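Asker: Pasting a structure below so you can have a look.
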Amino acid sequence: MNKEKRHFSEEEKQLSQELLFKSLKLLSLFILLVVIAVVSFMLYDAFGHSMLKSINKNKLTQEQIEARMIAVDQDDDRVENGIHIATGLVYTDDFDLIRGMCTSCHSAKLITQNRATKEGWTEMIRWMQETQGLWDLGSNEKIIVDYLAEHYAPDDIGRRANLEIEEIEWYKLE
Ligand code: HEC
């Protein structure tokens, strides 16, 4: 009888020990969570401001791009010597399309300062589509690429072609 009772209480002891162990585990987990929360709050308090500032800095460059865009007077449609003065783009029938599709994210300077073949311009468009959020240009793409490759062709293609013609040595066959 006595023995049995002792055996029972031992089991009970084991059970309560297990319970204690489990609740200790839970408690330490809770403490850990509180510590993490406090530490992250402190970190946010210390660095959050500069973190937000650097995020805003990126936003500012986007705003600066937009400001630069707006700085180009949309109403100034003067054309001199075939150049649209406000954008610097060659003025053709396709000008409005180019201005509409290609100057909403950045200034037209990026275009006028570049030279490329059709392939090169297509590559730049693909790059902007893949990484900069440029939309699908659909059937306008051919018109745009033709315009770009015609008016902003690589200089050295023309130069090399001239040189080749100039450097041919003609001799008469007798
Ligand atoms: C959705 C926005 C967006 C549109 C629309 C857009 N671009 Fe861009 N483009 C960008 C961004 C962003 C860059 C990178 C700007 C930078 O590096 O400062 C860029 C860069 C460029 C560059 C420089 C590439 C280089 O290798 O340096 C050229 C040229 C260019 N764009 C031409 C065009 C042409 C042509 C069009 C019209 C078909 C066009 N862009 C329309 C976003 C756009």
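One point on numbering: in our numbering, the residue at position 113 of the sequence shown is 122, and numbering is uninterrupted.
By construction, the Cβ of each residue, glycine as well, lies at the ideal position given by its N, Cα and C atoms.
Fair warning: this is a prediction, and the values are worked out from it, not measured in the lab.
1. Taking 6 Å as the limit between beta carbons, can you name the residues of its chain near Lys-127, skipping five residues before and five after?
2. Please classify Tyr-180: is it buried, with 16 or more other beta-carbons within 10 angstroms of its beta-carbon, or exposed?
3. Whole angstroms is fine: what's the gap from Ala-170's alpha carbon to Leu-61's?
4. What is the rounded straight-line gap between the Cα of Asp-164 and the Cα of Thr-121?
5. Would you mind working out which of Asn-90, Ala-162, Tyr-100, Met-110 sits nearest Asp-145, comparing C-alpha positions?
6. Starting from Thr-121, follow the alpha helix (DSSP H) in both directions and report where the run begins and ends.
7. Rank Ser-25, Glu-19, Ile-152 by C-alpha distance to the C-alpha of Asp-103 and give the top, closest one.
8. Taking 8 Å as the line, does the beta carbon of Phe-45 fall inside it for any heavy atom of the ligand HEC?
9. Where does Ile-40 fall in DSSP's three states?
Answerer: Result, derived from the coordinates:
1. Val-154, Ala-158
2. exposed
3. Confidence at Ala-170 is low in this model, with a pLDDT of 48, below 50, so its placement is unreliable and the value that follows should be read with caution. Between Ala-170 and Leu-61, the C-alpha separation is close to 54 Å.
4. 12 Å
5. Met-110
6. 118–121
7. Ile-152
8. Per the sequence presented here, residue 45 reads as Ile, with Phe not at that position. No, Cβ of Ile-45 sits at least 8 Å from all heavy atoms of the ligand HEC.
9. helix
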